[in-house]
Amino acid sequence: MSKKINVGLVGYGMAGQVFHGPFITNVTGLFLKTIRETRPEKIRLANSRYPHATIVKETTAILADKEIDLVVLATPNHTHYLLAKEALLAGKHVLVDKPFTTTSAEADELIELANKKGRLLSIFQNRRWDSDFQTIKKVLSSGLLGNLVEYEARFDRFRNFLKENTWKEEDLPGSGILYDLGSHLIDQALCLFGAPEEVMGDLRIQRSGSSIIDNFEVVLHYEKLKVILKASMLVKEPTPRYRLLGDQGSFVKYGIDVQEEALKKGLTPADVADWGLEPQNIWGDINADLQGLQVTGKVKSEKGDYTGLYHNLYKAILGEEELFVKPEQARNTIRVIELAMQSNDEKRRVKYY
């Protein structure tokens, strides 16, 4: 039988409902024991979906529960550092929703504390388990593109208004899409290519009345590779999600992983037999030279499944697997964000360090 690891989920807003609850409960061995939530409508929803879970109104109730092994933080970005610190001090393993922290100094402190306490600390970089990113990794490993010279990834929305009553529209530490969507794009790039030599950032506020960054372009410079990462809240007509250029061919991919849309409809991996499979109309296009032959056509998308992150975390807590999303990696993502902000302020490229 699988060893049971009790989980305490702090926060049952969109992140808790859509990205955490369904995948915690999809891993045999993880048991969602307690949820911390204060809003009556969210409490009712949590009770209806997870009647076995205890609902508490204070995070301290989760931290004080000796039966809880893993604390998952699905809370506003600016609270991540303090809550993660409290959970580690309480002797819990911790999974923090992205972004890890708002500064690399905070991340360094939490990494040191986790090591001191002998607890696992990880970050919810779930987009590593996107269908399209899994496909990108396979295309690159195939060698069909030859030597990659340019990689572009975009993560766009269209919301030309400001949402009401949400911290995400407030000028708080960690707010704005550089921390939000940028955390995913940067994490993916660092997974593929490692640390860059230089960082350039162009950050903008484009929506009327907004006080947060809602458009960015971050360029990571490597010796022979240019990595362009973009996101905007004002893109109504879809642009390529990924564009890879090599000296032997190109790969272009439109469309976005289907999991988020399914989750927002209330579906879970337990409900859908073909979970994480993209429809053929958003498969990527390749055009490459293969041993003198011109190869063009569709590349079938790989299966995506965010369950993989939680399954690995469970195995890592048991000591059966190496942790996939290491806190040091997430710390480097925050460092790139800091350097992009510095670059934007100083209007120049800055060295990565």
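Per the numbering used here, residue 16 is the first one in the sequence shown, and the count goes up by one each step.
All residues carry an ideal CB built from backbone N, CA and C; glycine is no exception.
From the options, pick the residue whose C-alpha is nearest to that of residue i; which is it?
i, options, result
"Leu45", "Pro55, Ala68, Leu240, Thr116", "Ala68"
"Leu187", "Gly312, Leu244, Ser225", "Ser225"
"Leu189", "Asp171, Ala102, Leu78, Thr348", "According to the sequence displayed, residue 189 carries Gly and not Leu. Nearest C-alpha to Gly189: Thr348."
"Thr102", "Pro91, Asp145, Thr117, Leu125", "Reading off the sequence, residue 102 comes out as Ala, not Thr. That would be Leu125, whose Cα lies nearest to the Cα of Ala102."
"Tyr13", "Gln263, Asp262, Tyr257, Ile50", "Nothing about residue 13 can be read from this structure; the chain reaches only from 16 to 368."
"Ala210", "Gly26, Lys366, Lys81", "Lys366"
"Leu282", "Pro37, Ser17, Lys183, Asp171", "Pro37"
Considering residue i, what are the terminal residues of the beta strand (DSSP E) in which it resides?
i, result
"Gln309", "308-314"
"Leu368", "Contrary to the premise, residue 368 reads as Tyr rather than Leu in this sequence. From DSSP, Tyr368 is part of no beta strand (DSSP E); its letter is neither H nor E."
"His35", "Looking at the DSSP string, His35 is not in any beta strand (DSSP E), and its letter there is neither H nor E."
Using three-state DSSP, classify residue i as helix, strand or coil.
i, result
"Met248", "coil"
"His236", "strand"
"Arg219", "strand"
"Phe231", "strand"
"Leu24", "strand"
"Glu165", "strand"
"Glu276", "helix"
"His67", "coil"
Output the boundary residues of the alpha helix (DSSP H) element that contains residue i.
i, result
"Thr75", "74-78"
"Tyr96", "95-104"
"Val154", "146-157"
"Asn302", "That residue, Asn302, is in no alpha helix (DSSP H); its beta strand (DSSP E) goes 299-305."
"Arg346", "342-361"
"Arg64", "55-64"
Please tell me whether residue i and residue j are closer than 7 Å, where the distance is taken between their beta carbons.
i, j, result
"Leu328", "Ser198", "no"
"Val293", "Val267", "For the record, residue 293 in the displayed sequence is Glu; it is not Val. No, Cβ-Cβ distance for Glu293 and Val267 is not below 7 Å."
"Arg169", "Thr254", "yes"
"Val87", "Ala99", "no"
"Lys315", "Trp298", "yes"
"Thr53", "Lys72", "yes"
"Phe139", "Gln203", "no"
"Ser119", "Arg350", "yes"
"Thr49", "Ile20", "no"
Rounding to the nearest angstrom, what Cα-Cα distance links residue i and residue j in this structure?
i, j, result
"Tyr325", "Glu275", "16 Å"
"Glu213", "Lys280", "41 Å"
"Asp123", "Tyr237", "25 Å"
"Ala30", "Leu24", "10 Å"
"Asp360", "Gly216", "9 Å"
"Leu333", "Leu196", "31 Å"
"Asp229", "Met248", "6 Å"
"Arg142", "Asp286", "21 Å"
"Arg134", "Lys107", "7 Å"
"Ala277", "Phe34", "11 Å"
"Ile227", "Leu97", "22 Å"
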